[in-house]
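Set out below in structure tokens:
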């Protein structure tokens with residue numbers, strides 16, 4: 001998978017004594033809530049898995065609690081526009097940061113589709129596996145296997161979340177959507193029952209900071225970016241925009257469906273940001 005490098009990362013602001021104090025208490029609090037609830041989630045799965053299999057009636061609420069608390073701890077504004085779909089199907093969104101995981105999980109019971117290497121990342125990989133993330137290799141030779149897995153999860157009622165851009169950006173644009181993963185929605189047995197809900201994620205930087213403050217892309221180090229976000233005062237915010245669900249059967253093929261979703265995600269971006277490539 002290629003990594004977007006269409007803009008130079010902004011320089012990280014210096015962290016003063018007050019900033020390091022915020023890093024310490026926010027980091028410890030966020031880590032305690034996250035990994036403490038992870039322990040509760042894993043215990044709950046011991047009961048949930050044998051009784052319900054793919055269905056998870058309890059543990060997604062633990063994930064949502066952690067993600068909502070993350071923004072409280074960070075002091076970031078979190079706002080939502082639109083309604084979450086009730087129909088069976090998937091969710092697609094633009095991708096700008098590791099914070100997307102918290103932002104998109106905070107209000108909706110979803111399961112991310114992620115590149116396979118994330119499973120091996122310290123901390124994040126453990127959390128991703130525990131919360132039911134679907135890991136894939138972006139290899140066309142494995143497309144059939146992926147489609148079978150997606151079909152199984154979608155039929156179980158899971159709302160899978162895809163980032164069709166295939167990479168994160170500076171959050172100031174929406175890249176053309178890759179269409180490969182949309183093919184899973186056109187398999188027999190899914191085509192006539194699924195909807196796809198486009199979602200736009202919009203970050204607002206802290207006052208006086210670079211507009212791409214919260215974005216994480218290219219070769220940016222995770223540790224440095226995490227420290228910058230933990231230290232920030234005042235903070236900015238994130239807005240989640242839920243668009244009207246798109247019926248899969250209304251589109252002739254995966255390319256038409258991907259374009260409809262891409263247009264919906266892009267239209268909610270502030271005009272100064274929706275630059276495409």
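Numbering (the UniProt record's numbering), first residue to last: 1 to 277.
Glycine included, each C-beta is placed from N, C-alpha and C at the ideal position.
Under the three-state DSSP convention, the category residue 195 falls into
Within the chain shown, the letter at position 195 stands for residue 195. It is a strand residue.
Could you pull the start and end residues of the beta strand (DSSP E) that residue 81 belongs to?
To locate residue 81, count along the chain shown from 1; it is residue 81. Per DSSP, residue 81 belongs to the beta strand (DSSP E) from 77-81.
Cβ-based neighbour list, residue 53, same chain, cut-off 8 Å, excluding 5 preceding and 5 following
Numbered from 1 along the chain shown, position 53 holds the residue referred to as residue 53. Contacts found: 156.
If residue 265 sits next to residue 174, beta carbons under 8 Å apart, how far is it from one beta carbon to the other, in whole angstroms?
Numbered from its first residue, the chain shown carries residue 265 at position 265. Numbered from its first residue, the chain shown carries residue 174 at position 174. That belief holds up - the Cβ atoms of residue 265 and residue 174 are roughly 6 Å apart, short of 8 Å.
Excluding the five sequence neighbours on either side, which residues of its own chain have a C-beta within less than 8 Å of the C-beta of residue 23, listed in chain order?
For this step, residue 23 is matched to residue 23 along the chain shown. Once the five neighbours on either side are set aside, the close Cβ partners of residue 23 are 15, 227, 230, 231.
Is it the case that the Cβ atoms of residue 112 and residue 145 are separated by a distance below 8 Å?
Walking along the chain shown from the start, residue 112 turns up at place 112. Walking along the chain shown from the start, residue 145 turns up at place 145. No; because the gap between Cβ atoms is not below 8 Å, this pair is not in contact.
Can you tell which of 201, 91, 65 has the C-alpha that lies nearest to the C-alpha of residue 38?
Against the chain shown, residue 38 aligns to sequence position 38. Cα-wise, what sits closest to residue 38 is 65.
Which residues DSSP lists as bridging residue 161, in chain order:
Within the chain shown, numbered from 1, the residue matching residue 161 stands at position 161. In the DSSP output, where bridge partners are listed per residue, residue 161 has 91, 112.
Just to confirm, are residue 271 and residue 81 a CB contact at a threshold of 8 Å?
Counting from 1 along the chain shown, the entry for residue 271 is found at position 271. Counting from 1 along the chain shown, the entry for residue 81 is found at position 81. No, these two residues do not count as a Cβ contact at 8 Å.
Proximity winner among 48, 49, 107, relative to residue 242 (alpha-carbon distances)
Mapped onto the chain shown, residue 242 falls at position 242. Considering only alpha carbons, the answer is 107.
Which residues does DSSP list as the beta-bridge partners of residue 237?
For the purposes of this step, residue 237 is identified with residue 237 of the chain shown, where counting begins at 1. Partner(s): 77, 204.
When you compare only the Cα positions, how much space is there between residue 260 and residue 191?
Residue mapping note: residue 260 aligns to position 260 of the chain shown, counting from 1. Residue mapping note: residue 191 aligns to position 191 of the chain shown, counting from 1. Rounded to whole angstroms, residue 260 to residue 191 spans 16 Å at the Cα level.
Of the residues 237, 186, 42, 268, the one placed nearest residue 250, counting alpha carbons only:
Against the chain shown, residue 250 aligns to sequence position 250. Of the listed residues, the one whose Cα sits closest to residue 250 is 186.
Would you report the Cα separation of residue 84 and residue 206, rounded to the nearest angstrom?
For the purposes of this step, residue 84 is taken as the residue at position 84 of the chain shown. For the purposes of this step, residue 206 is taken as the residue at position 206 of the chain shown. Straight-line Cα distance between these residues: approximately 27 Å.
Is the beta carbon of residue 97 closer than 8 Å to that of residue 12?
Looking up residue 12 in the chain shown gives position 12. Looking up residue 97 in the chain shown gives position 97. Cβ distance not < 8 Å, so residue 12 and residue 97 don't count as in contact.
Restricting to Cα atoms, I'd like to know which of 204, 224, 256, 263 is closest to residue 236.
Here residue 236 is taken as the residue at index 236 of the chain shown, counted from 1. The shortest CA-to-CA distance from residue 236 to any of 204, 224, 256, 263 is the one to 204.
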